[in-house]
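What follows is a short report on a single structure.
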Amino acid sequence: MKILTIFLSVILLVSCSDSSKAESIYYNGTIITMNDAMPIAQSIAVTKGKILAVGSLDEIYNYTNKRTKFVNLSNKTLLPGFIDPHSHIFGISMQSVAANLYPAPDGVVNSIDDLLLELKKYYETNPDLYKEIGFVIGFGYDNSQLKEQRHPTKFDLDKYFPDIPAYIMHQSGHIGVANSKALEFLAIDSNTVDPIGGVIQRVMNTQEPNGILDENIHIDSFYKIAKFSPLFAAKMFLNGIDIMKSLGYTTVQEGRSSEDQIVIMKLLGFLRLLPIDIVAYPDIFKAPKAVMTASKKYKGRFRVGGMKISLDGSPQGKTAWRDRPYVIPPHGYDTNYVGYPSVERDLVFEKIEMAYASNIQVLGHANGEAAIDLFIDAVANADKKYGNKDQRPVLIHGQFTRKDQINKIKNLGIFPSLFPLHTYYWGDWHREQTIGKPRYNDISPTKWFEDAGMMFTSHHDAPIAVPNNMRVLWATVNRISRTGEQIGPEQRVSVMTALKSLTLWSAYQHFEENTKGSLEVGKLADMIILSDNPLTINPMEINDIQIISTIKNGNVIFHKK
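Numbering-wise, my numbering comes out as the position in the sequence shown, counting from 1, plus 8.
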């Protein structure tokens, strides 16, 4: 009898593991596949973390057995999980434990007084971060949205924090402000020389630092400040992952990693603690050893995807490197100011050539026209020497791309990852302050790339913007500014095109188009369920769509309560 029981158990186990039968079937909703051969389906079957079949419910029913679970979508919409084309998951994680200094609608800081009150309130009610690193940290202030229309300075921060170090970061991520105690910690004073690719802003007509630090000096300073213990950093990171799960992401990018961050992500992967896939691109200057470990294979849902190199700064912060002057230069600069490069030309050529020689994917941050020209030139040089491989170098942001640069980008196989969310956050600012009329209509020119027959991705660059892909989708389709102006209506794309930029084309950007990005047989069952159908809802209401469930490898990892 015991032998018979064991025999029947084995038969049952084999039957349950039959890969020709579905573990789950999703039906009674709209299924957007991102597969042009079958854009919309009635039902989908999933087994062993992969898609078994896609089609009508009658067809899918052939894949059922007694143990198949039927998931009624109740007229909701199913589509592939979001694949993050560019963000900074460690930044998202850090922001979750720092003071929120965003302006409306993502925060309440619309004046310097608001900022100081929010920072003080956070310090008094959330002491964990200060205890961890000995600094008061805030993120997300935006001088373009402050009543005073200026950056805060050390003198502002010193009013509330005269005795402890405080450091706040601009929403662009490219500018920081230190109070006097923080400057003392950083050893920045009147004798400190500006580094290459960075500026220490000064009190008018003196050499005294006013606390505002631009680009490389800010980046270097923040690395010195944000020294988290490995345990605290790991907990913080997993909190950031939870945020991304709730927003429908099944693959997330860390777009400018340090060596320490790589170690933490790799360890969490080794411990099987990552619920979604993480692709990291270490900074070539901050983490050169990590760059050389790049691979297209995940280990514990983590891999290094390539290298990141930043050629310039922020357009809204007026540090992006242009080919013509800004409409209104930053305080203290003359009317010929065009921004500046973050790294010397020869180094850009050297590092991109090294990446091509080693078959390593390059992410090149370039916002201004001159920086984009440099990226094009460096890729062309490397391509001439080592161009027999599928490199897929990525232009990150490309905000001020000129039309004459499009074909050069296409011919070199450069993949554009654009930032049309700027049309909402800073469209008005670009019109009046940075690029001016009529060029402001062509920031993040998605339609130019589509018309050239190219794929592109649309990103949020979180924590620069809130990582809400429904807002990204809304902005890519509508291009509406804070004041309600349509920014470049001729650059709008269809909802389906915009959805592909968040899923299938993002998978391609990451060399993962064969396993992710569309709901096709054999691909991973990475999916999300939405409250409404973005293809049929009023495009202006896309921003209101909610993430109901996030599904990774067939398993629900988030469900809205």
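C-beta: ideal position from N, C-alpha, C; glycine also.
Predicted, not measured: the structure shown is a model, and the values here were computed from it.
- Query: What's the call for P113, buried or exposed, on a 16-neighbour Cβ count within 10 Å?
  - Reply: Exposed: under 16 other Cβ atoms inside 10 Å.
- Message: Using C-beta distances below 6 angstroms, list every residue in its chain close to D540, excluding the 5 sequence neighbours before and after it, in chain order.
- Response: Here the set comprises I553.
- Query: The alpha helix (DSSP H) spanning A174 covers which residue range?
  - Reply: Not the alpha helix (DSSP H): A174 falls in the beta strand (DSSP E), residues A174 to H178.
- Query: Using the C-alpha atoms, what's the distance from I172 back to R487?
  - Reply: Approximately 42 angstroms, taken between the alpha carbons.
- Task: Pull up the DSSP beta-bridge partners for N563, would you.
- Result: According to DSSP, which records beta bridges pairwise, N563 is partnered with K560.
- Message: Quick check on N561: buried or exposed, where buried means 16 or more other Cβ atoms within 10 Å of its Cβ?
- Response: That one is buried.
- Query: Residue range of the alpha helix (DSSP H) that I233 falls in?
  - Reply: For I233, the uninterrupted alpha helix (DSSP H) segment begins and ends at N224 to I233.
- Message: Suppose the cutoff is 6 angstroms on Cβ atoms and the five residues either side in sequence are ignored; what does the same chain contact list for T484 look like?
- Response: Excluding sequence neighbours, T484 sits near P428, S466 and A506.
- Task: Tell me A107's beta-bridge partners as DSSP assigns them.
- Result: According to DSSP, A107 bridges with G146.
- In chain order, what residues of the same chain lie with their CB nearer than 7 angstroms to the CB of P333, ignoring the 5 residues before and after it? Leaving aside the five residues that flank P333 on each side, the residues in its chain whose CB is nearer than 7 angstroms to its CB run, in chain order, T343, N344, Y345 and V346.
- Kindly indicate the opening and closing residues of the alpha helix (DSSP H) around L165. That run of the alpha helix (DSSP H) goes K162 to Y168.
- Message: Taking the alpha carbon of P497 as the reference point, which residue from D450, K393 and I556 has its own alpha carbon closest?
- Response: When each option's Cα is compared against that of P497, the closest is D450.
- In this structure, does DSSP put D122 in helix, strand or coil? In this structure, D122 counts as helix in the three-state DSSP scheme.
- Message: Buried or exposed for K508, going by 16 or more other Cβ atoms inside 10 Å?
- Response: Counting of Cβ neighbours within 10 angstroms places K508 among the buried residues, the total reaching 16 or more.
- Query: So Q157 is in the beta strand (DSSP E); what residue range does that whole segment cover?
  - Reply: It is not in any beta strand (DSSP E) - Q157 carries neither H nor E in the DSSP assignment.
- Message: Runs of 4 residues minimum, wholly inside the segment 56-118: which ones carry the alpha helix (DSSP H) assignment?
- Response: Correct list: 65-68 and 97-103.
- Message: Quick check: what's the CA-CA separation for L20 versus R309?
- Response: A caution first: L20 carries a pLDDT of 39, below 50, which makes its placement in the model unreliable, though a value can still be read off. Cα atoms of L20 and R309: separation of roughly 31 angstroms, rounded to the nearest angstrom.
- Proximity winner among L512, I227, M535 and Y175, relative to G57 (alpha-carbon distances): The shortest C-alpha separation from G57 is found at M535.
- Task: Reducing DSSP to helix, strand and coil, say where T454 ends up.
- Result: Assigned with DSSP and collapsed to three states, T454 falls in helix.
- Fully enclosed by the segment 324-368, which alpha helix (DSSP H) runs are 4 residues long or longer? Taking only runs of at least 4 residues, the alpha helix (DSSP H) segments lying wholly in the segment 324-368 are 353-365.
- As assigned by DSSP and simplified to three states, the class of K411: Reduced to three states, the DSSP call for K411 is helix.
- Helix, strand or coil: how does DSSP classify V30 here? Looking at the sequence provided, one finds Ala at residue 30 rather than Val. In the structure shown, A30 adopts coil according to DSSP, grouped into three states.
- Query: Along the chain, which unbroken stretches of the beta strand (DSSP E) at least 3 residues long are found entirely within the segment 223-309?
  - Reply: Whole beta strand (DSSP E) segments, 3+ residues: 257-265 and 285-290.
- Beta-carbon proximity of I8 to L538, cut-off 9 angstroms: One cannot answer for residue 8 here, as it falls past the ends of the chain, which runs 9 to 569.
- Among F236, R158, I368 and N375, nearest to S119 - alpha-carbon criterion: Measuring from the Cα of S119, the nearest candidate turns out to be R158.
- Alpha-carbon spacing of L382 relative to T161, whole angstroms: Our two residues, L382 and T161, have alpha carbons roughly 33 angstroms apart in a direct line.
- Task: Within its chain, find whatever has a CB closer than 8 angstroms to the CB of Q413; leave out the 5 residues flanking it on each side and keep chain order.
- Result: Hits under 8 angstroms: E377, I380, D381 and I384.
- Quick one: measure Cβ to Cβ for I272 and P238, integer angstroms, because I've assumed they're closer than 8 angstroms. The Cβ separation is near 6 angstroms, so the contact holds.
- Near Y110, what residues of its chain come up, given a Cβ to Cβ distance below 6 angstroms and the 5 sequence neighbours on each side ignored? For Y110, where only same-chain residues beyond five positions count, the Cβ hits under 6 angstroms are G148.
- In angstroms with no decimal places, state the Cα-to-Cα distance between D66 and A30. So the alpha carbons of these two residues sit roughly 14 angstroms apart.
- Item | Contact the segment 390-399 vs the segment 353-364: 3+ CB pairs below 8 angstroms | The segment 390-399 is in contact with the segment 353-364.
- Query: Under a Cβ-count criterion, where at least 16 other Cβ atoms within 10 Å of its own Cβ denotes burial, should P217 be classed as buried or exposed?
  - Reply: If you draw a 10 Å sphere on the C-beta of P217, you find 16 or more other C-beta atoms in it, and that means buried.
- What are the residues that DSSP puts in a beta bridge with G435? BP columns for G435 are empty, so no partner.
- Task: Might you give, ordered along the chain, the residues of its own chain that have their beta carbon closer than 7 angstroms to the beta carbon of K418, omitting 5 neighbours on each side?
- Result: Close CB contacts of K418 within its chain, under the 7 angstroms cut and outside five residues either way in sequence, are with A460 and M462 (chain order).
- Query: Quick one: what does DSSP say S188 is sitting in, helix, strand or coil?
  - Reply: Residue state for S188 is assigned as helix, using DSSP reduced to three classes.
- Item | Spatial distance of V356 from D268 (CA atoms) | Their backbone Cα atoms lie some 24 angstroms apart in a straight line.
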